[in-house]
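Residue numbers (my numbering), protein chains in the order written: chain A, 106 to 422; chain B, 9 to 374.
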Amino acid sequence: MRSLRPKQEEDRDLAPLADGGLGAGVAQAAQRSPVAISRAQIRRPDRRDRKQRAIANSILVLLGIGFLTPMIWLIDAAFSTHASSALSAPSLTFANFGKTISEGAGGAIGNSLYLGIVSTVIATVVSILAGYALSRHRVPLKAFFLLSVLFLSALPFQLLLIPIYEIYVHLGWLNSPFYTSVALAANSVPFAIWLLKNFIDQVPREFEEAAAIEGAGSVRILWKVVVPLAMPGILVASILTFINAWGAFLLPLVIDTNPADTPAAIGIYSNILADAQIQYGPLAAYAILFSIPVIVLYLVCTRWLHGGFAFAGGVKG
Amino acid sequence: MAKIILEGVSKVFKDKPSPAVDDLNLEVEDGEFLVMVGPSGCGKTTTLRMIAGFEVPTAGVVRIGGKPMNNIWPKDRNLAMVFQNYALFPHMTIAKNLAFGMKARGEPRATIAREIENVAGMLGIESLLGRKPGELSGGERQRVALGRALLRRPEAFLLDEPLSNLDAALRAQMRLELKRIHAQFPVTTVYVTHDQVEAMTMADRIALMSHGRLQQTASPEYIYDHPANAFVASFIGSPKINFFQGALVRDGGGPRVTFLDCSLELTGTAGEAVERLPHPNVTVGFRPEEIRLAPASGGRLPTVKCVVELVEPLGPETILVVRAGEETLVCKVPARSGLTAGDVVTLEFDTSQAKLFDPESGSRLN
Numbered sequence: 106m107r108s109l110r111p112k113q114e115e116d117r118d119l120a121p122l123a124d125g126g127l128g129a130g131v132a133q134a135a136q137r138s139p140v141a142i143s144r145a146q147i148r149r150p151d152r153r154d155r156k157q158r159a160i161a162n163s164i165l166v167l168l169g170i171g172f173l174t175p176m177i178w179l180i181d182a183a184f185s186t187h188a189s190s191a192l193s194a195p196s197l198t199f200a201n202f203g204k205t206i207s208e209g210a211g212g213a214i215g216n217s218l219y220l221g222i223v224s225t226v227i228a229t230v231v232s233i234l235a236g237y238a239l240s241r242h243r244v245p246l247k248a249f250f251l252l253s254v255l256f257l258s259a260l261p262f263q264l265l266l267i268p269i270y271e272i273y274v275h276l277g278w279l280n281s282p283f284y285t286s287v288a289l290a291a292n293s294v295p296f297a298i299w300l301l302k303n304f305i306d307q308v309p310r311e312f313e314e315a316a317a318i319e320g321a322g323s324v325r326i327l328w329k330v331v332v333p334l335a336m337p338g339i340l341v342a343s344i345l346t347f348i349n350a351w352g353a354f355l356l357p358l359v360i361d362t363n364p365a366d367t368p369a370a371i372g373i374y375s376n377i378l379a380d381a382q383i384q385y386g387p388l389a390a391y392a393i394l395f396s397i398p399v400i401v402l403y404l405v406c407t408r409w410l411h412g413g414f415a416f417a418g419g420v421k422g
Numbered sequence: 009m010a011k012i013i014l015e016g017v018s019k020v021f022k023d024k025p026s027p028a029v030d031d032l033n034l035e036v037e038d039g040e041f042l043v044m045v046g047p048s049g050c051g052k053t054t055t056l057r058m059i060a061g062f063e064v065p066t067a068g069v070v071r072i073g074g075k076p077m078n079n080i081w082p083k084d085r086n087l088a089m090v091f092q093n094y095a096l097f098p099h100m101t102i103a104k105n106l107a108f109g110m111k112a113r114g115e116p117r118a119t120i121a122r123e124i125e126n127v128a129g130m131l132g133i134e135s136l137l138g139r140k141p142g143e144l145s146g147g148e149r150q151r152v153a154l155g156r157a158l159l160r161r162p163e164a165f166l167l168d169e170p171l172s173n174l175d176a177a178l179r180a181q182m183r184l185e186l187k188r189i190h191a192q193f194p195v196t197t198v199y200v201t202h203d204q205v206e207a208m209t210m211a212d213r214i215a216l217m218s219h220g221r222l223q224q225t226a227s228p229e230y231i232y233d234h235p236a237n238a239f240v241a242s243f244i245g246s247p248k249i250n251f252f253q254g255a256l257v258r259d260g261g262g263p264r265v266t267f268l269d270c271s272l273e274l275t276g277t278a279g280e281a282v283e284r285l286p287h288p289n290v291t292v293g294f295r296p297e298e299i300r301l302a303p304a305s306g307g308r309l310p311t312v313k314c315v316v317e318l319v320e321p322l323g324p325e326t327i328l329v330v331r332a333g334e335e336t337l338v339c340k341v342p343a344r345s346g347l348t349a350g351d352v353v354t355l356e357f358d359t360s361q362a363k364l365f366d367p368e369s370g371s372r373l374n
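Following this line, the structure appears as structure tokens:
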């Protein structure tokens, strides 16, 4: 009896495989040939899989460390009293944040928020209107226009820097945060139009027709029906615009030289240059403050975007 | 409520060679329930969309309540439409879906709430008001879409295959409900469907279309008994009408048409019409209920011996698919007749009901 035991145990865990769990008795009969083979077949690729997974995981871990180290350094430095370029034991102080804010980081982040929000609002409104028109209406030379929009959005913005400067000199728009936002919005609009046009294309027309026959005018249809349904696309477009404006460096540097208007991206840079020796602690604190709005925006929007792009219940198929 | 008139309406789409709707003349009476029926691609939905204002006619005039509508936006036509896929706004609750139109038309909030309550009560959807369309079943969505249309208090209802996404049982139930609602609010209704059963059961009048052309407009019973052409005869009725190739024979007496092994005397106008044809061919049509088991004693009607191929008992009656020489034909026999496949039966043709068509043009001859 005792010698049979391991075999029976083997049978027991084979049973579900062999016959969907009919019982050990049936499995015992089946164990001799087909099941034993199928078991071997199942095991072997499993081992190879594990090996491959181990290699893939080690590569990922190495890459992860590469990405993570600077971030750990950043947090470490921001909260350390004597931050340097090397990692050290954090001493958990908010002094760096206090220092960097007192040296103007608060104002610069405020300026960046202004540029980000104003340019996002402008670009989003413009690209919703343009995207809707291009998606729904017959526009002369539409294909040509769309292709040039795509082409323009791929051009490096630096190309336009000098012409924009010239134009701003003529219009007297230099050193104005609002007009700087306009330029930043203009930078994002081509891609946003392209994106939103394609998103609105996906919104079934039936919704608009239903709204129209209910007596809604085109403005109401756009804001009450099309915009909510294209919201995932609109959010993507506005996040991209905001992040672009938030990190903008060259353009504000050229067209707004008023020190009071300095955005955070330039603020960090001048902070590095400010002293003979780099003040790592305040600099890291500045960098963390600088990234908070983007992270918050990202977190808020992922919740929205997780809802995805669903017209379920409205129209089928 | 209003009368809808289509005068010589055509619609040609740029990328299609033949017109989607070709010179359509149609009047929908005030309060009438008109069903436009036809196979897919016959132009019925395009016609409905022209009435709604989503498509502009290439030629002709659409009048609603006497006024030409060609230059009037959909929103100003005061119509209500139920879409095939319901088109409920997925981001709004049912209550907001229902309120959408009234808000757009600037009605006071108290009126909106009261009306929604009324309509929701009538359709039995009160408990759904807080939900979103995605959480509703097909039948519930259908009711909400109807409710939205009712709240419009329109000049006319336009319904585009509203039942096609429902299962069979629910469809039968909604057919009754739609008729009940129409009886309660006798608003001019144009109902588009490809299902001849819906057309027969619901319509005051059927407008049958094919290839962009109106084939016949008549009451369900009239269109069933007096189809204008072979297409109408074959589209309306289930199981389908049987067509046989017939030939005109002149041998001394009056003109006769022979089909299968049968002979059909032609009398009156039918004879004249057949004799006027440039060819001797005639299509003879009998509906399944016009072909019966011949009485054992033998009657005066022409008969044919057939072999039973298929027996479909429906309960109150049984459908037989039988073979007579080369031809297959379908007939209705009393239930529990004890027939099985392979049996030989003698069938008689009720020649008084024979429908004769010109096989080339399809037009009716008698």
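Every residue, glycine too, gets a C-beta built ideally from N, C-alpha and C. If you're wondering where the values come from, they're calculated on a predicted model, not measured in any experiment.
Name the chain A residues whose beta carbon is nearer than 8 Å to that of residue i?
i                 : result
Met89 of chain B  : Glu314, Ala315 and Ile318
Pro82 of chain B  : Glu314, Ala317 and Ile318
Arg71 of chain B  : Ordered by position in chain A, no residue passes the 8 Å Cβ test against Arg71 of chain B, which lies about 18 Å from the chain.
Phe108 of chain B : Ala316, Glu319, Ala321 and Lys329
Is residue i helix, strand or coil by DSSP?
i                 : result
Thr55 of chain B  : helix
Gly77 of chain B  : It is Met, not Gly, that sits at residue 77 of chain B in the sequence shown. Of the three classes helix, strand and coil, the one that applies to Met77 of chain B here is coil, per DSSP.
Asn162 of chain A : helix
Ala369 of chain A : helix
Val274 of chain A : helix
Met100 of chain B : coil
Arg122 of chain B : helix
Cys270 of chain B : strand
Gly68 of chain B  : strand
Ser286 of chain A : helix
Leu216 of chain B : strand
Arg310 of chain A : helix
Ser18 of chain B  : strand
Cys50 of chain B  : coil
Asp361 of chain A : coil
Arg151 of chain B : helix
Arg221 of chain B : strand
Once you ignore the five residues that flank residue i on each side, which residues in its own chain have a CB closer than 6 Å to its CB?
i                 : result
Asn173 of chain B : Gly146
Looking at the strands, I want to know which residues DSSP matches up with residue i.
i                 : result
Ala180 of chain B : According to DSSP, Ala180 of chain B bridges with nothing at all.
Ile327 of chain B : B:Glu320 and B:Lys340
Val200 of chain B : B:Met44 and B:Asp168
Thr291 of chain B : B:Gln253 and B:Phe365
Leu301 of chain B : B:Leu355
Asn237 of chain B : B:Ser371
Count the other CB atoms within 10 Å of the CB of residue i; is the residue buried (16 or more) or exposed (fewer)?
i                 : result
Thr119 of chain B : exposed
Asp269 of chain B : exposed
Leu276 of chain A : exposed
Pro76 of chain B  : exposed
Gln361 of chain B : exposed
Asp380 of chain A : exposed
Ser138 of chain A : Low confidence applies to Ser138 of chain A: its pLDDT is 47, below 50, so where it sits in the model is not reliable, and the reading given next is rough at best. Exposed: under 16 other Cβ atoms inside 10 Å.
Leu197 of chain A : exposed
Trp351 of chain A : buried
Lys24 of chain B  : exposed
Lys156 of chain A : exposed
Arg156 of chain B : buried
Ile189 of chain B : buried
Met1 of chain B   : No answer is possible for residue 1 of chain B: the residues shown for chain B start at 9 and end at 374.
Quick one: list the residues of chain A neighbouring residue i, beta-carbon separation under 7 Å, in chain order.
i                 : result
His99 of chain B  : Pro333 and Leu334
Ala60 of chain B  : Ile318
Gly160 of chain B : As written in the sequence, residue 160 of chain B is Arg, which differs from the Gly given in the question. The contacting residues are Glu319.
Residues of chain B with a CB under 7 Å from the CB of residue i: which are they?
i                 : result
Arg325 of chain A : Ala112
Glu208 of chain A : The contacting residues do not exist; Glu208 of chain A stays about 46 Å from chain B at best.
Near residue i, which residues of its chain fall below 7 Å by C-beta distance, leaving aside the five closest residues on each side in sequence?
i                 : result
Leu285 of chain B : Asp366
Ile13 of chain B  : Glu35 and Arg71
Val223 of chain A : Phe283 and Ser286
Thr359 of chain B : Leu272, Leu309 and Pro310
So does residue i have its beta carbon nearer than 7 Å to some heavy atom of the ligand GDP?
i                : result
Ile80 of chain B : The ligand content of the structure shown is nil, which means the ligand GDP is not present either.
Only counting the same chain, and skipping five residues up and downstream in sequence, which positions put a Cβ closer than 8 Å to that of residue i?
i                 : result
Ser305 of chain B : none
Gly262 of chain B : Glu273, Leu274, Thr275 and Gly279
Asp38 of chain B  : Met9, Ala10, Lys11 and Thr196
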